[in-house]
Amino acid sequence: MSVTTDPGAAATVAAPGGDTPARGSRPWPVVAALILGLLLGVAAGLLIPRFTHPGNDSAEAGFLRDMSTHHAQAVEMSMLAHANSTNPRIVTLSGDIALTQHGQIGYMQAWLRDWDLSPTGTQPAMAWMPDSAGSVVNGLMPGMATPEQLDSLRKASGNALDVQFLTLMRAHHLGGIHMAQEAIELSDDENIDWLAQTMVSGQQSELALIDSLLKQTQGS
Amino acid sequence: MSTPGPERVPQSVKVDKTSGQGKPPVSAAKKAAGRGPSGKTPAGKGGGKGRKPVTPVKVAGSRPWGPIAVAGVVVLIAVGIIGYGVFAAVKGSRGWEDKVADIAGVTNYREQKNAAIDARDHKEGPQQYVTSPPVGGAHNSAWQNCMGDVYDQPIANEHAVHSLEHGAVWVTYKQGLPADQVEVLKQKVQGKEYTLMSPYPGLDKNVSVQVWGYQFKTDDVNDSKIDQFIQDTRLVSSMEPGAACSSGNTSTGPLAPAGAPGAAGSGS
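Just so you know, the protein sequences line up as chains B and U, in that order. 1296 is the number of the first residue of the first sequence in my numbering; add one for each residue after it. 61 is the number of the first residue of the second sequence in my numbering; add one for each residue after it.
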């Protein structure tokens, strides 16, 4: 406390003595300081976001966009099962998946918006993953169901619906986990690593549940 | 101590000047002029005006550099913050709307403030729309599934407009367009959530793409402005951020008769 007040007191004492005589010749340093400050501010404004946020072509942005697409289909399949299944365990699991992944889409979209990046990329799907060549078929990322499979799921009912849902979601989770693991590998962004890690652990534990439910439903 | 000092330095000049004698000041001025170019000395000016050389020396010694530096840093930071604020404000103002406005041929219906287009009510039964295809207005409570769905038959406007409200890009083409051209359009939609595609009877151009409040029409399926439009508007044009494209109606054809609300989605 006393250390900080001492220089302050010294400064205020010294100030009145020096102010009066030099006032007439002061404008140039002030103007120079204003201009310099303005330039520094603009420069910092330009540079800081680029240093602190991943760019438009970064692995982070690619992951957020592609995982949003990937998640959206999981939500679609889960909502179909949630609405049409008669098995309470499937209804619960599909509701859980739909709500979780729709919520995670919100996180991912919000970060893109926060970083001033468009939710739609100019690069093809999966381009942010180095070994992804050929993994996108008809615009579908690994693990994603085809329009025909979705159509079949839409029309299914009873045990056939449950088995189709579990089978499709199993493949979907495997593809999603691979993407999330790749994101953790490529990115050192705290948010990305945190969310991707929760996807890996969450979906891995769901895979165990899916496998046990598959055994049950296929057996019945 | 005090006696030799004043006699050697300027003070002696001062004494001569005030005494009014001609010679000593002149010789001093000559010496000063001779030294002038090689090195500036107070004596140079001192030759003419006796008192002034003393003043600058005095001020330089007592100038409070500490407060000046503190004030300078404070001013610098303040101006920097203002400068950044201005910059951020200017940069932040360029959103997707500005990007769409740069695409030649896009019609902006949002700026027209047309109540029939801006309406967002949910209404059962067939609706009238002021543009073809519609870009907004009252719509059915069920949206058309827009998870990159490619419909090979016309779909109900009342469902599609609800998809636009959710942030989807609706790609429509003149019914009867050659299959290879339809295939080109299909590549822009399939697998891409928040898009949907369907033929549109009586369309005045080969292709019309629309989001809520914006429309672009062209006869060329390879027009790169189609891709630009999709790129700049998909998702961000949503009137309900976070609203889904799944769980929508997937049947084609005109609207189901009023009284059979929505839910045709999971049916065949």
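Backbone N, C-alpha and C define an ideal beta-carbon position, used for all residues, glycine too. For clarity, every value in this text was computed on a predicted model and none was experimentally measured.
In chain order, what residues of the same chain lie with their CB nearer than 7 Å to the CB of residue i, ignoring the 5 residues before and after it?
i                  : result
Ala-1376 (chain B) : Ile-1385, Ser-1389, Leu-1456 and Phe-1460
Pro-301 (chain U)  : none
Ile-1479 (chain B) : Asp-1488, Ala-1491 and Gln-1492
Asn-1379 (chain B) : Ser-1452 and Leu-1456
Ala-1367 (chain B) : Ile-1400
Met-1421 (chain B) : Asp-1361, Ser-1427, Ser-1430, Val-1431 and Met-1436
Using beta carbons (cut-off 8 Å, strictly below), is residue i in contact with chain B?
i                 : result
Lys-183 (chain U) : no
Lys-252 (chain U) : yes
Ile-141 (chain U) : yes
Met-207 (chain U) : yes
Ser-307 (chain U) : yes
Gly-313 (chain U) : no
Leu-136 (chain U) : yes
Arg-41 (chain U)  : The requested residue 41 (chain U) is not part of the displayed model; chain U covers only 61 to 328.
Gln-213 (chain U) : no
Gln-291 (chain U) : yes
Gly-132 (chain U) : yes
Ala-304 (chain U) : yes
Thr-278 (chain U) : no
Thr-191 (chain U) : no
Thr-232 (chain U) : no
Using the Cβ count rule (16 or more neighbours within 10 Å means buried), how would you classify residue i?
i                  : result
Glu-1485 (chain B) : exposed
Asn-200 (chain U)  : buried
Gly-1497 (chain B) : buried
Met-61 (chain U)   : For Met-61 (chain U), the predicted structure reports a pLDDT of 44, less than 50, and the residue's modelled location is therefore unreliable. The matter cannot be settled from this model.
Asp-1325 (chain B) : Looking at the sequence itself, residue 1325 (chain B) is Val, so the reference to Asp does not match. Exposed, since its Cβ has fewer than 16 Cβ neighbours within 10 Å.
Asn-266 (chain U)  : buried
Gly-155 (chain U)  : exposed
Glu-171 (chain U)  : exposed
Ser-87 (chain U)   : In this prediction, Ser-87 (chain U) scores a pLDDT of 45, lower than 50, which makes its location untrustworthy; the coordinate-derived value is nonetheless stated afterwards. Counting Cβ neighbours within 10 Å, Ser-87 (chain U) comes out exposed, since fewer than 16 surround it.
Glu-225 (chain U)  : buried
Asp-280 (chain U)  : exposed
Ser-1363 (chain B) : buried
Ile-1330 (chain B) : exposed
Val-133 (chain U)  : exposed
Ser-1413 (chain B) : buried
Thr-1387 (chain B) : exposed
Is the beta carbon of residue j closer than 8 Å to that of residue i?
i                  : j                  : result
Ser-306 (chain U)  : Met-207 (chain U)  : yes
Ile-1487 (chain B) : Glu-1355 (chain B) : yes
Gln-213 (chain U)  : Leu-256 (chain U)  : no
Gly-1470 (chain B) : Met-1439 (chain B) : yes
Val-271 (chain U)  : Ile-286 (chain U)  : no
Phe-147 (chain U)  : Gly-1340 (chain B) : yes
Ser-258 (chain U)  : Tyr-189 (chain U)  : no
Gly-165 (chain U)  : Thr-278 (chain U)  : yes
Arg-1449 (chain B) : Thr-312 (chain U)  : no
Gln-288 (chain U)  : Ile-163 (chain U)  : yes
Met-1350 (chain B) : Gln-1418 (chain B) : Checking the displayed sequence, the identity of residue 1350 (chain B) turns out to be Gly instead of Met. Cβ distance not < 8 Å, so Gly-1350 (chain B) and Gln-1418 (chain B) don't count as in contact.
Gly-1398 (chain B) : Gly-140 (chain U)  : no
Gln-1404 (chain B) : Val-1370 (chain B) : no
Leu-136 (chain U)  : Gly-1332 (chain B) : yes
Val-249 (chain U)  : Val-231 (chain U)  : yes
Pro-238 (chain U)  : Asn-217 (chain U)  : no
Leu-245 (chain U)  : Tyr-233 (chain U)  : yes
Asn-1433 (chain B) : Thr-1512 (chain B) : no
Is the CB of residue i under 8 Å away from at least one CB in chain U?
i                  : result
His-1467 (chain B) : no
Thr-1417 (chain B) : yes
Leu-1481 (chain B) : no
His-1397 (chain B) : yes
Ser-1413 (chain B) : yes
Ala-1339 (chain B) : yes
Gly-1401 (chain B) : yes
Leu-1359 (chain B) : no
Can you list, in chain order, the residues of its chain whose CB lies under 6 Å from that of residue i, leaving out five sequence neighbours each side?
i                  : result
Ala-198 (chain U)  : Ala-179, Asp-181, Lys-183 and Gln-187
Ala-1451 (chain B) : Gln-1459
Asp-292 (chain U)  : Trp-156, Lys-159 and Val-160
Ile-346 (chain U)  : Nothing can be reported for residue 346 (chain U): it is not among the residues displayed for chain U, which extend from 61 to 328.
Thr-1381 (chain B) : none
Leu-1502 (chain B) : His-1468
Is any heavy atom in the ligand MN found nearer than 7 Å to the beta carbon of residue i?
i                 : result
Glu-171 (chain U) : Inclusion of the ligand MN in the displayed structure is not the case, the ligand content being empty and no account of it being possible.
Short of 8 Å in beta carbon distance, which residues of its chain neighbour residue i, apart from the five on each side in sequence? Order them along the chain.
i                  : result
Arg-294 (chain U)  : Gly-227, Ala-228, Val-229, Lys-252, Tyr-254, Thr-255 and Val-271
Gln-1476 (chain B) : Ala-1491 and Val-1495
Ala-1466 (chain B) : Gly-1438 and Ala-1440
Ser-79 (chain U)   : Because the pLDDT of Ser-79 (chain U) is 44, which lies under 50, any placement of that residue in the model is unreliable, and the question is left without a value.
* Asked: Which of the residues in the stretch 1362 to 1377 of chain B, read from start to end, lie with their CB under 7 Å from any CB of chain U?
  -> Thr-1364, Ala-1367, Gln-1368, Val-1370, Glu-1371, Met-1374 and Leu-1375
* Taking Cβ-Cβ distances below 9 Å as the criterion, which residues of the stretch 238 to 268 of chain U are in contact with chain B? -> Gln-247, Val-249, Gln-250, Gly-251, Lys-252, Glu-253 and Tyr-254
* Asked: For the stretch 1324 to 1336 of chain B, which residues have a beta carbon sitting closer than 8 Å to at least one beta carbon of chain U?
  -> Within the stretch 1324 to 1336 of chain B, those residues whose Cβ lies closer than 8 Å to any Cβ of chain U are, in chain order, Pro-1324, Val-1325, Ala-1328, Leu-1329, Leu-1331, Gly-1332, Leu-1333, Leu-1334, Leu-1335 and Gly-1336.
* Where the stretch 1426 to 1453 of chain B meets chain A: residues whose CB sits under 7 Å from a CB there -> Absence of chain A from the displayed structure is noted, the protein chains being B and U.
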